[in-house]
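Protein chains in written order, with our numbering: chain A, 1 to 217; chain B, 218 to 434.
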């Protein structure tokens, strides 16, 4: 009846913590839940056994007894609802934390995903170089609005919540592009998330799997 | 203490029901909650009074007493949690319905939003015509996986839920492109959603505001 999640056998990011299992590991650590990990190769992610758990053939999934979930937001919500640590007690504050979970995945993340498209999926297209600044500007537009909300606050709405966990995780995807560091207020916010002991444990756990083996030389 | 939502004074879609207030109206109708609507012009959406409610300057918002929410997914969740009609009783089935809510907004909707970018925001760019089929194929890839899950089922997981409400609403955005009708299984699924009396009432309510006035001729 223990919790089992899935993760990449080897993450494409080489251990930077950007694969989505890190979000779920972080939520498990914040809520103090032990878990096991089943590692999957890319072919295994597209095989019928995994598609039965995750119709879109991705990681992570979450299994606990006869419950099977996919979608990081849903898994983090499930943990936040059942265990202390990620949702405030007050009903209105909890509803606002859930609002920020959805804002992270439906308002902030989609323009950030476009960065992957323009740089990777369409990186060899003749329009890639000219399109990149347009995509980056759409991201900046959203980040300016987020900065206007966050201001000098430590977290998005009162204490750290599942909304911050999701938002920090989404913003982390921007760091390699340099765009995050254009907004010191958000870079500091992300750094506060990364400094949490639960994040540190989650990051170390995925790094132990994904770090390149030491050179034989 | 009544519920007040915001919507476009005049929706850019001219009443096709694709503005996101329709999703919230639908959830309000499914759960039998009366509501009032405050209509906003585009300048009013970017004014400080609205930004205090919605940091990203969009519609819809949801106000009820001292609670103020934004993000359609969060508002639909709030209604589903508090009123019968959108979540199953069984805890595991409820967790799966929440999974489908997140899948709608974080897995299916992002590639669909790219269609708006390639056709509208970048419609005048020299790469638009060549990029359009790439964007459409990414959408088709996701829809094939959704078809494989749905099969002959009426809804995504047992009875109609908030997960179906969100998924049908996201898929509706595809109809003008013709891509939805390439997948008869999904077109029929969307049609089942549209046939629900609660959807019909929600659609009629937004149409009453957004329909073009009858020609004076």
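Cβ atoms here follow ideal geometry from the backbone N, Cα and C, with glycine treated the same way.
CB contact flag (residue i, residue j, <8 Å)
i, j, result
"residue 400 of chain B", "residue 373 of chain B", "no"
"residue 397 of chain B", "residue 391 of chain B", "yes"
"residue 294 of chain B", "residue 105 of chain A", "no"
"residue 116 of chain A", "residue 131 of chain A", "no"
"residue 303 of chain B", "residue 371 of chain B", "no"
"residue 92 of chain A", "residue 283 of chain B", "yes"
"residue 234 of chain B", "residue 420 of chain B", "yes"
"residue 83 of chain A", "residue 33 of chain A", "yes"
Short CB-CB distance (under 8 Å) between residue i and chain A
i, result
"residue 223 of chain B", "no"
"residue 393 of chain B", "no"
"residue 191 of chain B", "There is no way to answer for residue 191 of chain B, as the model of chain B reaches only from 218 to 434."
"residue 274 of chain B", "yes"
"residue 295 of chain B", "yes"
"residue 434 of chain B", "Because residue 434 of chain B carries a pLDDT of 43, less than 50, the predicted location of this residue cannot be relied on, and no value is offered for it."
"residue 322 of chain B", "yes"
"residue 312 of chain B", "yes"
"residue 257 of chain B", "no"
"residue 228 of chain B", "no"
"residue 427 of chain B", "no"
"residue 360 of chain B", "no"
"residue 354 of chain B", "no"
"residue 243 of chain B", "no"
"residue 304 of chain B", "no"
Beta carbon proximity, residue i to chain B, threshold 8 Å
i, result
"residue 21 of chain A", "no"
"residue 99 of chain A", "yes"
"residue 83 of chain A", "no"
"residue 149 of chain A", "yes"
"residue 74 of chain A", "yes"
"residue 173 of chain A", "no"
"residue 109 of chain A", "yes"
"residue 186 of chain A", "no"
"residue 155 of chain A", "no"
"residue 194 of chain A", "no"
"residue 131 of chain A", "yes"
"residue 66 of chain A", "yes"
Distance between beta carbons of residue j and residue i, contact taken as under 8 Å
i, j, result
"residue 108 of chain A", "residue 147 of chain A", "No, residue 108 of chain A and residue 147 of chain A are not in contact; Cβ-Cβ is about 12 Å, not under 8 Å."
"residue 240 of chain B", "residue 289 of chain B", "5 Å"
"residue 162 of chain A", "residue 80 of chain A", "4 Å"
"residue 375 of chain B", "residue 305 of chain B", "6 Å"
"residue 328 of chain B", "residue 356 of chain B", "5 Å"
"residue 207 of chain A", "residue 15 of chain A", "4 Å"
Own chain residues within Cβ distance below 7 Å of residue i, not counting five before or after
i, result
"residue 407 of chain B", "385, 388, 389, 397"
"residue 422 of chain B", "242"
"residue 255 of chain B", "221, 223"
"residue 339 of chain B", "345"
"residue 230 of chain B", "236"
"residue 201 of chain A", "29"
"residue 198 of chain A", "26, 29, 30"
Own chain, CB closer than 8 Å to residue i, minus 5 neighbours either side, in chain order
i, result
"residue 40 of chain A", "6, 7, 8, 9, 50, 59"
"residue 252 of chain B", "219, 220, 221, 222, 242, 245"
"residue 70 of chain A", "53, 54, 55, 56, 58, 60, 61, 62"
"residue 149 of chain A", "156"
Which residues DSSP lists as bridging residue i, in chain order
i, result
"residue 255 of chain B", "B/223"
"residue 324 of chain B", "Beta-bridge pairing links residue 324 of chain B to no other residue."
"residue 53 of chain A", "Note: residue 53 of chain A sits in no beta bridge, so no partner."
"residue 506 of chain B", "As displayed, chain B neither begins before 218 nor continues past 434, which places residue 506 of chain B out of reach and without an answer."
"residue 278 of chain B", "B/287"
Cutoff 6 Å; reference residue i; Cβ partners in own chain excluding five residues on either side
i, result
"residue 358 of chain B", "none"
"residue 285 of chain B", "270"
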